[in-house]
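Engineer: Let me begin by handing over the structure; questions about it come next.
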Amino acid sequence: MTDEPRFEHPPEERAPSYLAESHSLRSWFFTTDHKRIALLYLVSITLFFLIGAGAAALIRLDLLTPQGDLLTNDGYNRAFSIHGIIMVWFFLIPSIPNVLGNFLVPIMIGTRDLAFPRLNLLSWYIYILSGLLTLYVVVSGGVDTGWTFYTPLSSVYANGAVVATIVAVFISGFSTILTGLNFIVTIHKLRAPGMTWSRLPLFIWSHYAVSIIFVLATPVLAITLLLVAAERLIGIGVFDPRLGGDPLLFQHLFWFYSHPAVYIMVLPALGVVSELITAAAHKRIFGYWFVAFASIAIAVIGFMVWGHHMFVSGQSVFASAVFSFLSIAVAVPSAIKVYNWTATLYKADVAIDAPLLFALGFIGLFVAGGLTGLMLAMLAIDVHVTDTYFVVAHFHYIMVGGSVTAFFGGLHFWWPKMTGRLYNETLGRIAAILILVGFNITFFPQFLLGYQGMPRRYHVYPPEFQVLHVISSLGAALLAVGYAMPAFYLLWSLLPGGRRAPANPWGASGLEWTTSSPPPKHNFIAQPVVVRQPYDYPLAHPASRDDG
Amino acid sequence: MAEGGVQEPFARAARQREAERLGMLIFLASEVMLFGGIFAAALALRLEHPAGYVDAAHHLKLWLGTANTGVLLTSSLCAALAVQAARNGQARWAACALWGAVALGTVFLAIKGVEYAGEYREGLMPGMATTHFEGRTQQLFMNLYFIGTGLHAVHVTFGLALLAAAALNRGARQDRHAMLIGNVALYWHLVDVIWVFLYPTLYLAGVR
Ligand code: HEM
Ligand SMILES: [Cu+2]
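As you go down the protein sequences, you meet chains X and U in turn.
Throughout the first sequence, residue numbering follows the numbering used here, covering 28 to 575 in sequence.
Throughout the second sequence, residue numbering follows the numbering used here, covering 1024 to 1231 in sequence.
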């Protein structure tokens, strides 16, 4: 029956690009083209990034003085809660997978779209629905539970729009699950002829790993939040000690999701960095299988370490010891990746472009975040610094220094492919360096603050901490400039008369560079057939590398 | 979908069928994790209040729960038969088996309703004016019972809608690959499997 390949090759060689296909609003809001959906996501997460950043600005301004002059206690709680909630669920989790992943997964494996294109559009609408609810929470006075929703604070005492927030995060989870499902099926079932598992780009491996976490961890958060909402609305008591319920059970369930979720936020970044490094080095990656399997190992072990968030919660010492050991073990695959990237760069003739600068920044910051993570995984140290700025600095090094930097690096690297335009390299390099410097000035002092005992989530603090807080706030201003710059020069490149990008501006390997920039609606004019290893440098057809 | 037509981005129908099946299985894995949270809570509750948990479970209507287990398992059997019939090209049998599954699923919900009504009369339903529990652990247990079986009932309702939709869809009945019917049946089996775990966790725990 219909078991014959169905692609007819279009008559003319040049199909219109996916952007030029059609211009109506309808063609955007009802598109099933993964590339257009990626751009829808890009615009929406950028808006949420702005809101989250606004909350961060309030926090840093308030912390300039020890008395917390700007915000009330309650206002401060609401500022850091909304900051965390928006940054985690509405910016960082969807950032790389839903923008870069959406755009690149089908192209990198040589197919026309994700396996379920309409489901992909549905993911975006679900995300927007949950996002609108979050905006409602913001304008209706916010929420003061922190992004962690600990009980009994969230279930009994908190007095903001807790249920609305919970429902928003709950709904956003479906968007995440559907995306993960779509990626897994696509990677299994839609690889181009010749695209064997051993020829998959590492970006695909890390998206495969993260999709597994999407699908298996997110529903646990969903049920946990549902129980919290039920607790708050009708007092079911599962987390309420007055009924014999167990508040620690909440922490177990929450971190069973949320530790894997931190890997949700970093695994895609690891994939991006593998691509940036090999493209800049023009070398085959060192230890392909180690890097690929490290992603899977992280996804698996990441499910078994949640207890390291509960060392001081009263869980048994035996449990703590086991979790401590496993947490140290989970750092191994991450370290393997770092070694392999370094080995790839060793003696390479690197092109110092903005994407590489972002990638190098990522490696440095990720190592700092990872090593402090190891410190936190040691029971004895953690008891001293838990719930202090040391933890705040640790996770910002990984999530912001690591993941957000990788997101920017990837955005620069694939911008010519996504838009067909070249951005200004010089400005790109300046922004990369500014972000690296600004980030360190903002967050390094927080390690010192935390080690000296500054607790997290307080805005009134002893005056001796003020100097470090002021340095951190000034760094944040610099960081803000660094983040704002790309918004201008990237958009600038889109203006009429912006420089057009060739198909392969970086001289990189990978199927996405074999099609035009921007790609046609169906990604390739003819079904590509893969015959070579990934990162097969030097390229057979060294392409136009146009220096900026 | 079920018509055997190939849709973007697939080039071959066989590939598309594999993809749809895989997608369904992944979705079910995700559902398992959702209920995993409920089971974890029940486990914690039982570990912390072993005696109280058993006492509270003793108040459930064991025979209604047992009957429902039989009803749901039989319904699942019907769904499996429907898949087989569709594969053999017996579209009418497939429809009959699907409607059988729907009927039994509806009986399940009816029995569940009778059970809930009984619990309401005995004052075991949380948050009602008549509610009076023997102790805190019983209250906790009953809350969890209602959350767990309630969430399951939502899944049953959704599954019934899917089964009915498949039964009404001529293309699906005539599809020799039983794609749509197969996926719906898989969902229905999962609903069944979850019950097979809820039943011992909640009902059998009270058997002395
Ligand atoms: C190298 C492996 C890592 C280890 C051993 C590690 C260890 C830890 C430990 C022990 C804590 C708890 C500290 C405390 O609460 O006292 C923690 C907190 C945290 N980590 Fe990591 N971590 C690692 C990687 C990551 C990654 C990759 C991310 C994110 C992408 C991350 C994000 C976080 C966050 C968000 C928190 C704080 C959660 C909160 O309380 O709000 N960590 N980490
Ligand atoms: Cu963790």
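For glycine and all other residues, C-beta sits at the position ideal for the given N, C-alpha and C.
Any beta carbon from chain U within less than 8 Å of L586/X's own beta carbon?
Structural biologist: Chain X is shown from 28 up to 575; residue 586/X falls before or after that span and cannot be answered.
Engineer: Does the distance between the C-beta of H10/X and the nearest non-hydrogen atom of ligand 2 fall short of 7 Å?
Structural biologist: An answer regarding residue 10/X cannot be provided, because it is not within the stretch 28 to 575 covered by chain X.
Engineer: Taking only beta-carbon atoms, is Q1162/U less than 8 Å away from chain X?
Structural biologist: yes
Engineer: Please confirm whether any heavy atom of ligand 2 lies closer than 7 Å to the CB of H286/X.
Structural biologist: yes
Engineer: Just checking: is the beta-carbon of H1072/U within a distance shorter than 8 Å of some beta-carbon in chain X?
Structural biologist: yes
Engineer: Would the beta-carbon of T161/X fall within 8 Å of that of A185/X?
Structural biologist: no
Engineer: Going residue by residue through the stretch 295-349 of chain X, where are the continuous alpha helix (DSSP H) segments of at least 4 residues, counting only ones entirely within it?
Structural biologist: 315-328
Engineer: At a CB-CB cut-off below 8 Å, which residues of chain U make contact with R139/X?
Structural biologist: E1031, P1032
Engineer: Mind listing the chain X neighbours of M1056/U? Cutoff is C-beta to C-beta under 7 Å, in chain order.
Structural biologist: L243, P246, V247
Engineer: Quick one: what's got a C-beta closer than 8 Å to F1033/U's C-beta in the same chain, skipping five residues either side?
Structural biologist: Q1039, A1042
Engineer: Taking the alpha-carbon positions, what's the G391/X to L401/X distance?
Structural biologist: 16 Å
Engineer: Provide the residue(s) that pair with S44/X in DSSP beta bridges, ordered along the chain.
Structural biologist: According to DSSP, S44/X shares a beta bridge with P547/X.
Engineer: Look up P5/X in the DSSP assignment and say whether it is helix, strand or coil.
Structural biologist: Within the shown structure, residues of chain X are numbered from 28 to 575, placing residue 5/X beyond reach of any answer.
Engineer: In whole angstroms, give me the CA-to-CA distance for V359/X and Q560/X.
Structural biologist: 26 Å
Engineer: Consult DSSP for R527/X and reduce its assignment to one of helix, strand or coil.
Structural biologist: strand
Engineer: For a quick check, are the C-beta atoms of N451/X and Y510/X less than 8 Å apart?
Structural biologist: no
Engineer: Quick one: residues in its chain with C-beta nearer than 7 Å to the C-beta of L1167/U, no 5 flanking neighbours on either side, listed in chain order?
Structural biologist: A1064, A1065, L1068
Engineer: Counting only beta-carbon atoms, is D273/X nearer than 8 Å to chain U?
Structural biologist: Interface criterion met: the Cβ of D273/X is under 8 Å from a Cβ in chain U.
Engineer: Taking just the CA atoms, how far does L1209/U sit from F281/X?
Structural biologist: Taking the straight line from one Cα to the other gives about 29 Å.
Engineer: Given that V212/X touches chain U, what residues does it touch there, using C-beta distances under 8 Å?
Structural biologist: A1042, L1045, G1046, I1049
Engineer: Count the other C-beta atoms from every protein chain shown that fall within 10 angstroms of the C-beta of F34/X, then say buried if there are 16 or more, exposed otherwise.
Structural biologist: Confidence at F34/X is low in this model, with a pLDDT of 40, below 50, so the placement of that residue should be treated as unreliable; the coordinate-derived value is given next. F34/X is classed as exposed because its beta carbon has fewer than 16 other beta carbons within 10 Å across all chains shown.
Engineer: Which same chain residues end up closer than 7 Å to E1054/U when comparing Cβ atoms and leaving out the 5 residues on each side of it in sequence?
Structural biologist: L1213
Engineer: Cβ closer than 7 Å: which chain U residues qualify as neighbours of A459/X?
Structural biologist: The contacting residues do not exist; A459/X stays about 35 Å from chain U at best.
Engineer: How far does the alpha helix (DSSP H) with V1055/U in it reach, from first residue to last?
Structural biologist: Run containing V1055/U: 1036-1071, per the alpha helix (DSSP H) assignment.
Engineer: How many Å lie between A47/X and H549/X at the Cα?
Structural biologist: 13 Å
Engineer: Check whether the Cβ of P555/X lies closer than 8 Å to any Cβ atom in chain U.
Structural biologist: Residue-level contact check: P555/X does not touch chain U, since none of the beta carbons of chain U fall below 8 Å from its beta carbon.
Engineer: Just the C-alpha distance for I261/X and G1150/U, rounded to the nearest angstrom, thanks.
Structural biologist: 7 Å
Engineer: So, I198/X versus S157/X, is the Cβ gap smaller than 8 Å?
Structural biologist: Cβ atoms of I198/X and S157/X: closer than 8 Å.
Engineer: Run the CB neighbour count on Y163/X, radius 10 Å, all protein chains shown included, and call it buried at 16 or more, exposed below.
Structural biologist: When all chains shown are included, Y163/X counts as exposed.
Engineer: In angstroms with no decimal places, state the Cα-to-Cα distance between S12/X and T203/X.
Structural biologist: Residue 12/X is absent from the model: chain X starts at 28 and stops at 575.
Engineer: Can you pull the chain X neighbours of G1150/U, defined as C-beta to C-beta under 7 Å?
Structural biologist: I261
Engineer: Following a CB-centred definition, is V332/X positioned closer than 7 Å to any heavy atom of ligand 2?
Structural biologist: yes
Engineer: By the 10 Å Cβ neighbour count, where 16 or more other Cβ atoms means buried, how is F551/X classified, buried or exposed?
Structural biologist: buried
Engineer: Of the choices N147/X, L248/X, N125/X, whose alpha-carbon is the least far from that of Y177/X?
Structural biologist: L248/X
Engineer: Using 8 Å as the threshold, is the C-beta distance between G1046/U and F241/X below it?
Structural biologist: no
Engineer: Does DSSP put T415/X in a helix, a strand or coil?
Structural biologist: In this structure, DSSP gives T415/X an extended state, which the three-state scheme calls strand.
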